[in-house]
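Asker: Submitted below is the structure of interest, expressed as structure tokens.
Written out as structure tokens, the structure reads:
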């Protein structure tokens, strides 16, 4: 039986009401002691405005002091829908995606947000987005839903990709040059494009569980990850996949790459995993006291900012290149409350 799509499916799997964008001077609220340490947070991004996090009840928060204090971002409308993911195409331009087909757009690094899509009556959760080489935005979500915007995110229309079923789609991701792309989702769903997302090929399933994310590691090497400790790496641009070795059967929800190429995965049980061999083997490097880690962003000074279903953790990486099987020795700094 298919599980209902709720917050768990947001991590494990994610039109009427358009509002015209009109330029105006944003009023910046004062920095406040927002209790981010107790919030259900799903996503974090480093932008031109600072750190941006989002999650429960439609909250989007901004920090200009690397997480010491937080203020609510300005939104054109306030709703109670969960925001599942922040997706930025540049330091300024990004989307916030949520339940009920909710999409908000920012062009100033997350200081202000304009609602561009919402459907309370028939809106499946949206899970991830990317801007294509054509300049179009593509959004993927629950039950195989795909939306395209050809006008910078102002309006959206349903997109049909041949071979897709109604399985949940969780992530769309590209190579650094945006020439190669993957879409991953439920029941081992994986599509790849080798022509800048102009056409898609359905890859024969190599795993029957959910894939939650993927990333390109250069050349023809990719890593995908999902449920219960299932992480895979590919050396042929996603045509075939081999399973990696993990120390614990945890579900993995997000990733980051350190400056020296160490791959970090975060997920269930508050675990941080690391690989120094391009995703073939992983070691346990840290565990937060409680909660499941939902996203991670690395700051220029080496701090790891991690969202969870029980708040926010900010840790300092004190070892830039861990030896295989060793710990990263993460020392706690501020948790984001002030």
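Numbering (my numbering), first residue to last: 40 to 377.
Glycine included, every Cβ here is placed at the ideal spot set by N, Cα and C.
Using the three-state DSSP reduction, which class does residue 75 fall into: helix, strand or coil?
Answerer: Correct three-state label for residue 75: helix.
Asker: State the start and end residues of the unbroken beta strand (DSSP E) segment that holds residue 333.
Answerer: Element bounds for residue 333: 332-337.
Asker: Just to confirm, is the Cβ distance from residue 144 to residue 192 under 8 Å?
Answerer: In contact: residue 144 and residue 192 (Cβ atoms closer than 8 Å).
Asker: Take residue 114 as the anchor and find which of 327, 250, 135, 126 has the nearest alpha-carbon.
Answerer: Checking every option, the nearest Cα to that of residue 114 belongs to 135.
Asker: From this set, 87, 94, 117, which residue's C-alpha is nearest residue 103's C-alpha?
Answerer: Out of 87, 94, 117, 87 has the C-alpha closest to the C-alpha of residue 103.
Asker: With distance defined between alpha-carbon atoms, name the residue in 150, 256, 139 nearest to residue 159.
Answerer: Nearest C-alpha to residue 159: 139.
Asker: Beta strand (DSSP E) containing residue 144: first to last residue?
Answerer: Its beta strand (DSSP E) spans residues 142-145.
Asker: Tell me, please, which residues DSSP counts as bridged to residue 261.
Answerer: Per DSSP, 255, 273.
Asker: Can you give the Cα-Cα distance for residue 271 and residue 284, rounded to whole angstroms?
Answerer: So the alpha carbons of these two residues sit roughly 9 Å apart.
Asker: Would you mind sorting residue 72 into buried or exposed? The rule is 16 or more other CB atoms within 10 Å of its CB.
Answerer: Only weak support exists for where residue 72 lies, its pLDDT of 46 falling under 50; the coordinates are left without a value.
Asker: Leaving out the 5 sequence neighbours to the left and right, which residues in its chain are closer than 7 Å to residue 296 when beta-carbon positions are compared?
Answerer: Contacts found: 302.
Asker: What is the rounded straight-line gap between the Cα of residue 190 and the Cα of residue 154?
Answerer: About 14 Å.
Asker: Taking the C-alpha atoms as reference points, what is the distance between residue 110 and residue 229?
Answerer: So the two alpha carbons sit approximately 38 Å from each other.
Asker: Going straight from the alpha carbon of residue 165 to that of residue 142, what length do you get?
Answerer: Near 8 Å, if we compare the C-alpha coordinates of residue 142 and residue 165.
Asker: Compare the C-alpha of residue 206 against each of 198, 184, 307 and name the closest.
Answerer: The candidate whose alpha carbon is nearest that of residue 206 is 184.
Asker: Nearest-angstrom Cα distance between residue 317 and residue 255?
Answerer: Taking the straight line joining both Cα atoms gives about 10 Å.
Asker: What first and last residue would you give for the beta strand (DSSP E) that runs through residue 82?
Answerer: That run of the beta strand (DSSP E) goes 80-86.
Asker: For residue 308, tell me which candidate among 267, 321, 95 has the shortest Cα-Cα distance.
Answerer: Of the listed residues, the one whose Cα sits closest to residue 308 is 267.
Asker: Looking at residue 259 and residue 275, is the spacing between their C-beta atoms short of 8 Å?
Answerer: Their beta carbons are under 8 Å apart, which means residue 275 touches residue 259 by this criterion.
Asker: So within the segment 112-171, which uninterrupted beta strand (DSSP E) runs reach at least 3 residues, ignoring any that extend past its ends?
Answerer: Counting whole runs of 3 or more residues, the segment 112-171 contains the beta strand (DSSP E) stretches 122-127, 133-137, 142-145, 151-156, 165-170.
Asker: Could you spell out where the beta strand (DSSP E) holding residue 326 opens and where it closes?
Answerer: Taken as a continuous stretch (DSSP letters only), the beta strand (DSSP E) holding residue 326 covers 322-326.
Asker: How big is the Cα-Cα spacing for residue 199 and residue 178?
Answerer: One C-alpha to the other measures close to 12 Å.
Asker: Whole angstroms are fine: how far does the CA of residue 300 sit from the CA of residue 315?
Answerer: Roughly 7 Å between the two C-alpha positions.
Asker: Under the rule that 16 or more other beta-carbon atoms within 10 Å means buried, what is residue 298, buried or exposed?
Answerer: Residue 298 is exposed by the Cβ-count criterion.
Asker: Can you tell me whether residue 150 is buried or exposed, with buried defined as 16 or more other CB within 10 angstroms of its CB?
Answerer: With 16 or more other Cβ atoms within 10 Å, it is buried.
Asker: Measuring only the C-alpha atoms, how far is residue 218 from residue 156?
Answerer: Distance between the alpha carbons of residue 218 and residue 156: 28 Å.
Asker: In whole angstroms, give me the CA-to-CA distance for residue 97 and residue 117.
Answerer: Looking at the two C-alpha atoms, the distance is approximately 7 Å.
Asker: When DSSP labels each residue in this structure, what does residue 181 get in the three-state scheme?
Answerer: Residue state, collapsed to three classes: helix.
Asker: If you follow the beta strand (DSSP E) that residue 283 is in, where does it begin and where does it stop?
Answerer: Counting along the chain, residue 283 falls outside any beta strand (DSSP E), and DSSP gives it neither H nor E.
Asker: If you follow the beta strand (DSSP E) that residue 231 is in, where does it begin and where does it stop?
Answerer: That run of the beta strand (DSSP E) goes 229-232.
Asker: Am I right that residue 321 and residue 304 are in contact with their C-beta atoms under 8 Å? What's the rounded C-beta distance?
Answerer: Confirmed, about 7 Å.
Asker: Do residue 209 and residue 171 count as a contact pair if the criterion is CB distance below 8 Å?
Answerer: Not closer than 8 Å, so no.
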